[in-house]
Amino acid sequence: MLNIQNDPHLQVETTCGSLLYELQIIWDEVGESETDRDKMLLQLEQECLELYRKKVDQANRCRAQLRQTIADSEAELASICSTMGERPLNSRQSKQKAGSLKEELRIILMQLEQMQMRKLERKKQFSEILEQIQKVSTEIRGSTGYNLTKEVDETDLSTRKLAELQLQLQALQNEKSDRLKQVMQLLNNLKSLCSVLGLDFKQTVNEIHPNFAGSEETYSISDDTLQSLESSIKRLRGLKVQKMQRLQDLSTTMLELWNLMDSPVEEQQPFQHVTCNVAASEDELNTPGMLSSDFIKNVEAEVSRLEHLKSSKMKELVLKKRSELEEMCRRLHLVPETDSEIEYLTEAIESGALDPSSLLEQVELEIAKIKEESFSRKEILDRVEKWLYACEEESWLEEYNMDENRYNAGRGAHLILKRAEKARALVNKLPGMVTALVAKATAWENERGIEFMYDGIPLLSMVEEYTLLCQEKEHERIRQREQKKLQGQLMTEQEALFGSKPSPLKLQSGKKTSRMSNGSGINRRQSSSSSSSVGGTMLQTQRPDSVQSARATPYSGPKKKGDQNDDLDDDSGAPSSNVRKGLDLADILVRANSFNGHEAESHIIRRPFSPVFSQRSPRVNIENSIENQNRSYKDVPEKKIFLKNDLSPKTTAPIEPTITLLKATTDVDEENMTPKVVPIPPPLTTPSTVSRPMETAMTPALPLRGGINGGDLEEEIEEEVEYSFEEKRAGFVVPNTNAKRYL
Amino acid sequence: MTAVPAPTLGRELSNSPLDGITNLRFSNTSDHLLVSSWDKSVRLYDASANVLKGEFRHGGAVLDCCFHDESSGFTACIDSNVRRMVFNYGKEDILGRHDGPVRCLEYSYATGQVITGSWDKTLKCWDPRGASGQERTLLGTYTQPERVYSLSLVGHRLVVATAGRHVNVYDLRNMSQPEQRRESSLKYQTRCVRCYPNGTGYALSSVEGRVAMEFFDLSEASQAKKYAFKCHRKSEAGRDIVYPVNAITFHPIYATFATGGCDGIVNVWDGNNKKRLYQYAKYPTSIAALSFSRDGRLLAVASSYTFEEGDKPHEPDTIFIRSVNEVEVKPKPKVYPNPPA
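One line per chain: the protein sequences are A and B, in this order.
For the first sequence, the numbering used here assigns the number 18 to the initial residue and increments by one for each residue that follows.
For the second sequence, the numbering used here assigns the number 122 to the initial residue and increments by one for each residue that follows.
Printed below as a string of structure tokens:
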């Protein structure tokens, strides 16, 4: 019973049984018919059944719902598991384990919750990774790059996917670091380029992307950046190549110029590092600043300087070569072409009309040509040289033969004798020489078909001229000989008549010199004074007399004083001092008469000064000059000095001058002779030598007068002013007042 | 024969002046030769190459010229102007003006001044660095007793020879008055004065074949050394013909000197030993000017009639460049003869 009591069903059944019983009782009492009873009972039974059915339905529905929930949860779990790529391990187990549905549901719900938590976690991971990927790829592709879905794909949250994503991220990160490396490399390149080109690296980089200014981490590594970096590197590289070519061009020219001009090492040193890169490739050229515009400008300046130098040097070189050529021509006795005269060349080069280098080439070509020619000419030229020398010697010999004093013993006489001997031998060989020369020259001319030119004159014509001259000389000689013979005859006749025989030699010599000499008026004078028979000289011999007479008249007073004063070197006794007096006077006279050539000639014979340095003269000369200079304030010291001079090297000083004098006179003699050789004496020279001393004789007048008291000279004041040759020539006249003041 | 010029005279410069040569000077730095002439021109030659490098034409005869540096020079002109020439550009400008023809000029490397002497009886100093124009270049005017005929400089010493045989010695650092006033110890007109390269004195030549060797130092010992000698004379049968001595030039190395006279002869002397070292063959006409090149290896000889006998026909004016042998200019040791017994 307890059981029943405990069991609600039993209770219900009991309750139902009791109720039915009660009902039966009721019914019994009521006396319900059996049918009603049955009907009632059926109804009751039906109602009960209905109620049961309802409850069962309800329970059934509840179970189904539960099942549904479980299934749903399971499905959800499965889906989660599947999205997470995990097997729903414990679901079946739990199903087996779990007794009731509710248990099952609880387990499943628990699992589901767990899974959902994991899923959430996973999702978070995903989104994190995705975010990173997104970030990196934006970095890489740039903001404008395609947009990666930021949303996590809910359907696939498996670890595989995660790993995949992680790989992707890894890859991206790798790429990023690669790119960063690349950027760094590019930046380094850029930096080196900038340094080579002398550009500001920071600025360049800033232009490409501003964030390069920051730290390494923040560097932009996007494609754009890379691209722009690359392009700017490319651009700079192009620039570098271009500049490098420029520099190399410059250095090549520089090297050439150095070579050409042999520039000193010190000059080359500063540019040595430039020129060593002449053949360097683009990569090899890395020295900072090597290609900066400044540096290139610098090099350019140097090159242009060298160019400039070169152009001038070139000119010099051309001129040098040119003069070399001319020298060569001179040596070979060729006449250089006139169109390439040096001045013309200089002008042409300066005006730029001619390129010096081509000119140089041309000149060098010419030199080569002439060198070649020189071989062929050499032999003939040697002969010509010998021949010319022989001719010279011949003419010397001729002249020498005419010198009557040639056998006088004197300094160097033996040498001259020897020379004459040699010359004679040479002269004997002359005809042979000439024929050989002519033969050679003709052969040469025939071979070449051109004339052999010697200093622009055809050699053959020269030789011809010479032979003609020789013949002429020969004729002359014969003629002279005949004349001499005739003279001899005449003289013998005279002798027969008058008994005395004038020396034919003297006469001859006089004639000869007058005919031959072209310059030495002295010779002529000498000869004329010695042989008064020659008519033309009469005039000259008379002159001194007239002067003498002039001297004799009005100036005898001052003259004496002047004589004393002026007696500079004249220690040789009365006659010459007389002459000097005459000179001084004549001088004044001449001045008064405003001199002319005729007057001038008259002074010649009045030796104004005695022979230079005769044994005693220097001393006396000095003493005299003291006397002369007495009037100056220097009087006392000078006297002393001169006295000293006088005393000390009595022996040495005077002797030396004598030697020189001797030499001088011989020299003079020789020189006087030389002109005789010249076949046609220039006509104008004779008077020149004659009148020259006049000028000197004239000038003394003033100082002389200064010595004398000038009282009696007052009236000549106009002519007092001395003038130098230049002043006379310029017609310069000192204003009168000045002249007076000065006098 | 006649086709070959006498080798003894030296090489003849082509394009020589067309009228009398007044002076010629070698550059201190090269073999360039500056030549002034009566033909109103100044010519610049490269003497070693025998090239006429430039020519300037002035308003009147040019009486003197000198180098400033390698690229410029100065001239003294008869039209009273002192000019500066720049050879590279052929440019010339007037440095200043005298009141009369300018006879001679010198450039002082010591002071950077140009000193000019004129027939207006003044000496003027110019600073060529000043801008062109008299007021900026003229440093001073110094009156001389007579017309200036010749000038010479050594260091800071300036010797001025004038007409009337005056010789004034100046110190360029104090030009207010002459350091010394002298009278030429020669009796005749002064032709040329040149200082010794060692700066102790000067040689002075006259129209009367004579050269005086003078010393600046006025002490007795120094003055005892002075002397004069005759030269450029022709002695014929006991008669002398005396020629003016137009030019003196000192050898830059041996301090010997050459003289040139109207006899057309150039003599080389050793002033210390009182010896003539050499006599060159006679030139066609008077020697108007002489100059040794900077190393003394070349001697430029102007053979040009100097108007000593007035206007008359004469030989053409020519410049000869002769190479100088050492023997010709090197002093020979003095030979002492045996003392008299």
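Heads up, the beta-carbon is just placed ideally off N, CA and C, and yes, glycines get one too.
It should be emphasised that the depicted structure is a prediction, and the values quoted were computed from it without experimental measurement.
- DSSP, reduced to helix, strand and coil, places residue 413 (chain A) within a helical segment of the structure shown.
- Per DSSP, residue 214 (chain B) is one residue of the beta strand (DSSP E) stretching across 212–218.
- Judged by their CB atoms, residue 132 (chain A) and residue 179 (chain A) are not nearer to each other than the 7 angstroms cut-off.
- Straight across, the Cα-Cα distance linking residue 135 (chain B) with residue 180 (chain B) is about 24 angstroms.
- Sequence-distant partners of residue 469 (chain A) (beyond 5 residues in either direction) whose C-beta falls short of 8 angstroms from its own C-beta, in its chain, are 394, 397, 458, 461, 462, 475, 476, 477.
- DSSP places residue 227 (chain B) in the uninterrupted beta strand (DSSP E) bounded by 223–229.
- Here the segment 185–197 of chain B makes contact with the segment 150–168 of chain B; the two share three or more CB pairs at distances below 8 angstroms.
- Sorting B:263, B:302, B:265, B:248 by C-alpha distance to the C-alpha of residue 257 (chain B) places B:248 at the top.
- In the structure shown, the three-state DSSP call for residue 400 (chain A) is helix.
- Annotation for residue 151 (chain B): 191 place their beta carbon closer than 7 angstroms to its own, counting only its chain and skipping 5 residues before and after.
- Counting of Cβ neighbours within 10 angstroms places residue 359 (chain B) among the exposed residues, the total staying below 16.
- Counting every other CB atom within 10 Å of its CB across the protein chains shown gives residue 342 (chain A) a total of 16 or more, marking it as buried.
- Exposure of residue 80 (chain A) is indicated by the presence of fewer than 16 other C-beta atoms within 10 angstroms of its C-beta.
- Contact check for residue 369 (chain B) against residue 315 (chain B) passes: the beta carbons are separated by less than 7 angstroms.
- If the five residues before and after residue 231 (chain B) are omitted, its C-beta is found closer than 7 angstroms to the C-beta atoms of 276, 277, 293, all from its own chain and listed in chain order.
- Using a Cβ-Cβ cut-off of 7 angstroms, residue 340 (chain A) is close to 170 of chain B, given in chain order.
- Boundaries cannot be given for residue 328 (chain B), as no beta strand (DSSP E) includes it and DSSP labels it neither H nor E.
- Taking 8 angstroms as the Cβ-Cβ cut-off, the segment 259–285 of chain B approaches chain A at 266, 267, 268, 270, 284, 285, given in chain order.
- By the C-beta density criterion, residue 62 (chain A) is exposed, having fewer than 16 other C-beta atoms within 10 angstroms.
- Judged by pairs of C-beta atoms under 8 angstroms, the segment 347–359 of chain B touches the segment 324–332 of chain B, as three or more such pairs exist.
- Contact check for residue 288 (chain B) against residue 237 (chain B) fails: the beta carbons are separated by 7 angstroms or more.
- When the beta-carbon positions are compared, residue 131 (chain B) and residue 371 (chain B) stay at least 7 angstroms from each other.
- If you draw a 10 Å sphere on the C-beta of residue 210 (chain B), you find fewer than 16 other C-beta atoms in it, and that means exposed.
- For residue 145 (chain B), there are no neighbours in chain A by C-beta distance under 9 angstroms, as the nearest C-beta there is about 15 angstroms away.
- Looking at A:408, A:200, A:404, A:434, the one whose alpha-carbon comes closest to that of residue 418 (chain A) is A:434.
- Within the segment 312–337 of chain A, those residues whose Cβ lies closer than 9 angstroms to any Cβ of chain B are, in chain order, 336, 337.
- Only residues of its own chain outside the window of five on either side were considered, and among them 377, 380, 381, 384 have a CB closer than 7 angstroms to the CB of residue 338 (chain A), listed in chain order.
- Taken through DSSP and simplified to helix, strand or coil, residue 475 (chain A) comes out as strand.
- Only those residues of the segment 206–224 of chain B whose C-beta falls short of 8 angstroms from the nearest C-beta of chain A are listed: 221, 222, 224.
- Residue 219 (chain B) sits buried, since 16 or more C-beta atoms from the chains shown fall within 10 Å of its C-beta.
- Residue 59 (chain A) has its alpha-carbon roughly 17 angstroms from the corresponding atom of residue 45 (chain A).
- Residues of the segment 174–200 of chain B whose Cβ lies closer than 9 angstroms to any Cβ of chain A, in chain order: 174, 181, 182, 184, 199.
- Among the CB atoms of chain A, none fall inside 7 angstroms of the CB of residue 390 (chain B).
- When 8 angstroms is used as the limit between beta carbons, residue 745 (chain A) is near these residues of chain B: 428, 431, in chain order.
- In terms of CA proximity to residue 386 (chain B), B:422 leads the group B:422, B:201, B:311, B:308.
- Listed along chain B, no residue sits closer than 9 angstroms to residue 489 (chain A) by beta-carbon distance, the nearest being about 13 angstroms off.
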